[in-house]
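Residues in the sequence shown are numbered consecutively from -18, following this note's numbering. Even for Gly, the Cβ is constructed at its ideal location relative to N, Cα and C.
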Amino acid sequence: MLSAMFGHPRIYPNLNPSAAIPVDRDQIFHLRNFADVYRMSRGKEHAQYVPNARFSFVKLASGEMLMHQRFRHPALAEGRPVLYAGEAHFDNGRLRWWSNGSGNYRPDSDHATQAGLPIEQFYTHDAILKGEHTQMNVQAMAPPPAMNGVQAKFPAGPMAGGPASRRGLPNLR
-18 MLSAMFGHPR IYPNLNPSAA IPVDRDQIFH LRNFADVYRM SRGKEHAQYV
32 PNARFSFVKL ASGEMLMHQR FRHPALAEGR PVLYAGEAHF DNGRLRWWSN
82 GSGNYRPDSD HATQAGLPIE QFYTHDAILK GEHTQMNVQA MAPPPAMNGV
132 QAKFPAGPMA GGPASRRGLP NLR
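Printed below as a string of structure tokens:
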């Protein structure tokens, strides 16, 4: 499936094998998305958790998205190569932003779609360090210009001047 969507997917190796320390696998969360609301499950528990913090994540070749607040990326992936790795911030089950912040896998922004998360909410790790993810997009929030005194009823779509275009990411439309 992934090769159909992306051609041949880019696989990222663990650049720091010593960081792949053993952890309790039952403490690692599996992320699922239902209509733009995210839920997590872990181990043998039947409970669903609402993500409400910043998490490290890895997207495995199997398609699984594994996350934890404290475990490092190589521990999540057991040192294996991944399709993508980074950080994601959630607020009551809603994804606020995500990045390619992983010093052990160092995924590039050109392959961010491999994470399977909304590209409109992607920021590079450098942009996160600069605080760009906390700045409001004034241009996108401004009302559309009036034409002959009549304002358009519907504003431009979410990608018009949105975060992805500000950061020079490829246009995926």
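Taken atom to atom, the span from the alpha-carbon of residue 51 to that of residue 91 is near 26 Å. One thing to note: residue 62 has its Cβ no nearer than 9 Å to the Cβ of residue 85. Runs of the beta strand (DSSP E) spanning 3 or more residues and lying entirely within the region 20 to 53 occur at 35 to 40 and 46 to 49, in chain order. For residue 35, the closest alpha carbon among the candidates 5, 53 and 87 is that of 53. Residue 72 sits in a strand when the DSSP states are folded into three classes.
Within a 10 Å sphere around the beta-carbon of residue 115 sit fewer than 16 other beta-carbons, which makes this residue exposed. One Cα belongs to residue -7, the other to residue 112, and the distance between them is close to 26 Å. Taking C-beta atoms as the reference points, residue 17 and residue 76 count as a pair closer than 9 Å. In the three-state DSSP reduction, residue 61 falls in the coil class, being neither helix nor strand.
Around the beta-carbon of residue 3, fewer than 16 other beta-carbon atoms lie within 10 Å, marking it exposed.
In the structure shown, residue 98 adopts coil according to DSSP, grouped into three states.
With contacts defined by Cβ atoms closer than 9 Å, residue 19 and residue 71 form a contacting pair.
The continuous beta strand (DSSP E) containing residue 12 extends over residues 10 to 15. Between residue 32 and residue 21, the gap from beta carbon to beta carbon is short of 9 Å. Minimum Cα-Cα distance from residue -1 among the listed residues 74, 101, 60 and 80 corresponds to 60. In this structure, DSSP gives residue 87 a state outside helix and strand, which the three-state scheme calls coil. Around the beta carbon of residue 38, 16 or more other beta carbons sit within 10 angstroms, so the residue counts as buried. About 14 Å separates the beta carbons of residue 100 and residue 108, which is beyond the 8 Å limit, so they are not a contact pair.
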